[in-house]
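Since the structure comes first, as structure tokens, the remarks are kept for the end.
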Amino acid sequence: MVSEFRNEEAIFDAALGFDSEQERAAYLQRACGDDLTLLHRLEALLKVHRSEQSFLEQAANSLQLTLEVPVAIEGPGTAIDRYKLLEKIGEGGMAVVYMAEQQRPVRRRVALKVIKLGMDTKQVIARFEAERQALALMDHPNIAQVFDGGATETGRPYFVMELVRGVSITDYCDKNRLSTRDRLELFNQVCSAVQHAHQKGIIHRD
1356 MVSEFRNEEA IFDAALGFDS EQERAAYLQR ACGDDLTLLH RLEALLKVHR SEQSFLEQAA
1416 NSLQLTLEVP VAIEGPGTAI DRYKLLEKIG EGGMAVVYMA EQQRPVRRRV ALKVIKLGMD
1476 TKQVIARFEA ERQALALMDH PNIAQVFDGG ATETGRPYFV MELVRGVSIT DYCDKNRLST
1536 RDRLELFNQV CSAVQHAHQK GIIHRD
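Using the numbering used here, the first residue of the sequence shown is number 1356, and each one after it goes up by one.
Below you can see the structure in the form of structure tokens.
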């Protein structure tokens, strides 16, 4: 049995050395003789081998094409459309927020939120666009205003909004040593903004 396997393996290896299909077929006929079972088994093995080689070549070509396509690298100093990115000021699960400078038609500092590279699935894009539209509906002094929106060169959506400078509300309260009454008055302003969002049919779940 071992000798038969080695013989089959030797014939298979030798058959791989032929570039011409006709020469390979003629060799198999001679090597297998009247053993049709061996012939058919070797033909099947060679077919599988050719399929695997074809798959590997396609994968290699695909990888080469992927490597040749320039990947958009965003960060401070680069630009998205007419907005120059200055500093990363926030990052979540699906998006990054930059402080940016609008170049035209006016120059001003803004906040730009864009989907992360590799996170641009249909589901994430749908959620992002829903958030963008929800913010565009807001019109309240305690909610950042949306100015603009668009898509990057790679098709990832972004939106631009009012840049609000400051610290978290708890840090602000602690730093300024606000009394309980002052904290509640500040919290009342937050509730006013949340109520406005609720009236627009928006619920913030964070």
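Each residue gets a CB set at the ideal place from its N, CA and C atoms; glycine is no exception. A quick note: this is a predicted structure, and the numbers were derived from the prediction, not measured.
Judged by beta-carbon spacing, MET1449 lies beyond the 8 Å limit of ALA1466, meaning their Cβ atoms are not closer than that value. According to the DSSP assignment, VAL1452 belongs to the beta strand (DSSP E) that extends over 1450–1457. Judged by DSSP in its simplified three-state form, LEU1393 adopts helix.
In terms of CA proximity to TYR1513, TYR1438 leads the group ILE1557, TYR1438, ILE1558 and ALA1399. Between the stretch 1494–1502 and the stretch 1472–1484 there are fewer than three inter-stretch CB-CB distances shorter than 8 Å, so the stretches are not counted as touching. With fewer than 16 neighbouring CB atoms inside 10 Å of its own CB, ALA1399 falls in the exposed class. In the assembly as shown, ALA1369 is an exposed residue. Its beta-carbon has fewer than 16 other beta-carbons within 10 Å. Looking only at GLY1510, ASP1475, THR1507 and MET1516, the smallest Cα-Cα distance to GLN1488 is reached by MET1516. Of the other Cβ atoms in all chains shown, fewer than 16 fall within 10 Å of the Cβ of ARG1536; this residue is therefore exposed. DSSP, reduced to helix, strand and coil, places ALA1499 outside both helices and strands of the structure shown, so it counts as coil. Excluding sequence positions up to five before and after GLN1457, its CB lies within less than 7 Å of the CB of ARG1437, TYR1438, ARG1463 and VAL1465, all in the same chain and listed in chain order. Only exposed fits LYS1443, as fewer than 16 other CB atoms lie within 10 angstroms of its CB.
Classified as exposed, ILE1558 has fewer than 16 neighbouring CB atoms from the shown chains inside 10 Å of its CB.
In the three-state reduction of the DSSP assignment, LEU1467 falls in the strand class.
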